[in-house]
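For the sequence shown, the tail end lands on 389 under the working numbering, and the numbers increase by one without skipping. Glycine residues also receive a C-beta, built at the ideal position from the N, C-alpha and C atoms.
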Amino acid sequence: AEGLVLDSVPVDFGLSIDSLDWSFRYYPLSFEQFLIKVRKIGDSLVIDDFEGRVGESNLNMSAHIGNFTDSLVENMYGSLVLESDLLDFNALLNYQLPEELQDSATTDSTEIKEPPRLDEISYPSFDFRVDIGEVRYGGLKIFGMNGGLRSTRDKIFFLDSLNISSEGGGSVAFNGHFNTSNPLMYSIGADLEVKDMDINDSGLELQSGEESYSLNENFQGVISAEGLAEISVTPELKVDVSNTTAMFNVTVNDGALINFTPLEAAGKFLDNRNLDLVNFATLSNSFSLMDSRVIIPRMKVESTLGLLLIEGEQGLDGSFLYLLRVPTSLAREAAKSVMSADDGRVESSEVQRMQMQKFLIITVWSNGTESDYKLGDKRDKFRE
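In structure tokens, the structure reads:
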């Protein structure tokens, strides 16, 4: 055994284990129902079958590993196929020595439970094929991961038609790369295609400096999109908008605008009409993201207020400049309400699909602290 471990005995061998359970003194999870079939051929290790359970997690793996006796993991190479119903890295990496065995000078017990940073891991050159029902890592949950990816010694992962599904059934397909070599900021360059994903299932959180934003704060619905993106990701796996650029064609069906800032500002002009929740049938448009600002070309929203046309730009800091075209009937209703002092208005919940109508044009602006609105297209005035 010592000769095999030290690689001083050039022996080829095969090992077959039908059932193996074990546990460690300080590791909280038990290893159960392991079936192992491996072969050593020269400097290669062939894993014909490796399967078992660790806590709630399970795996079924086969692999071919070259140069596996090298003490430096990054010098290994090969291929691996991994199938699993659940891989909970938060539980798998939850290893903590009892307090009496901890060296208080070098060990911080509050950090042991944190998953390792991706830039601190040494990666071999490996081809992976994966089919995983659910992955848990930090606060991130990924469902239905399947497809191919390649790891490199440079800490760059190449994504080859990698698909991820949401808990509600939607999917995201990636083709590109994920670079974790920079300890300050990771990067993703990819073609992305989103199909029929509930916005609440996307878990998309954007971060710029100390500010963060979740998509479901202002939108509900089922989203489909395709586009290109150069995405900066913090080591905590949050999107850093200030260093991210993207161009997408997006469609949202059966959705709602929730506390959408330009509509809230327009509501002040329309006799404080409640525009905090506006349901719509379909929202379809192209979006660009650059310099922490989302650029929105004119989009048509068939909503419970009638047909709305919205265009403009918005920053993560709360600033915005929008041009709204709203049905003139809203202004008439507002004027009628003022004259009759009728506060008992009933809001319609039916989506109105109007193709031709007259619009009232309103420019709404905010610098993140103050806000204002003007009738007509006054965007140049607010840009001065």
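Supposed close pair residue i, residue j - CB separation, criterion 8 Å
i, j, result
"P41", "F55", "Looking at the sequence itself, residue 41 is Ile, so the reference to Pro does not match. With a Cβ gap of about 6 Å, I41 and F55 count as contacting."
"V331", "A271", "6 Å"
"S297", "S247", "5 Å"
"F387", "L326", "6 Å"
Which of helix, strand or coil DSSP assigns to residue i
i, result
"A178", "strand"
"E7", "helix"
"T157", "coil"
"T1", "It is not possible to answer for residue 1, since the shown part of the chain is limited to 6 through 389."
"A340", "Here A340 scores only 48 on pLDDT, less than 50, and its place in the model is too uncertain to base an answer on."
"G19", "strand"
"L123", "helix"
"Q357", "Residue confidence is low: Q357 scores 45 on pLDDT, short of 50, so the model does not pin down where it sits. Its coordinate-derived value is still stated next. Three-state DSSP puts Q357 in coil, outside helix and strand."
"N184", "strand"
"F163", "strand"
Beta-carbon proximity list for residue i, same chain, < 8 Å, skipping 5 on both sides
i, result
"F239", "Looking at the sequence provided, one finds Thr at residue 239 rather than Phe. Once the five neighbours on either side are set aside, the close Cβ partners of T239 are M190, Y191, Q212, D245."
"Q225", "I204, N205, G260, A261, I263"
"Y100", "Y31, Y32, P33, I117"
"S291", "M252, F253, N254, V255, P302"
Within 8 Å, strictly: CB atoms of residue i and residue j
i, j, result
"T74", "L123", "no"
"N254", "G232", "yes"
"G138", "F148", "yes"
"F39", "I22", "yes"
"L314", "L242", "no"
"V404", "L268", "There is simply no residue 404 to check, as the chain begins at 6 and stops at 389 in what is shown."
"N72", "N65", "no"
"S219", "M202", "no"
"P129", "S156", "yes"
"G323", "G373", "yes"
"G181", "G194", "yes"
"L97", "V135", "no"
"L164", "F183", "yes"
"L92", "S62", "yes"
Contacting residues, own chain, Cβ-Cβ under 6 Å from residue i (five flanking each side not counted)
i, result
"G152", "S166, L167, N168"
"F133", "L85, L154"
"V43", "L20, I52"
"H69", "V51, G83, S84"
"S289", "T256"
One or two residues paired with residue i in a DSSP bridge
i, result
"L332", "Contrary to the premise, residue 332 reads as Pro rather than Leu in this sequence. Looking at the DSSP assignment, P332 forms a beta bridge with F364."
"G83", "I70, F131"
"T256", "S229, S289"
"F224", "L262"
Contact set for residue i: own chain, Cβ-Cβ below 7 Å, skip 5 residues either direction
i, result
"K341", "Legend: pLDDT at K341 = 45, less than 50; position of this residue unreliable, value from coordinates given subsequently. Around K341: no qualifying Cβ."
"I367", "A271, F274, L329, V331, Y378, L380"
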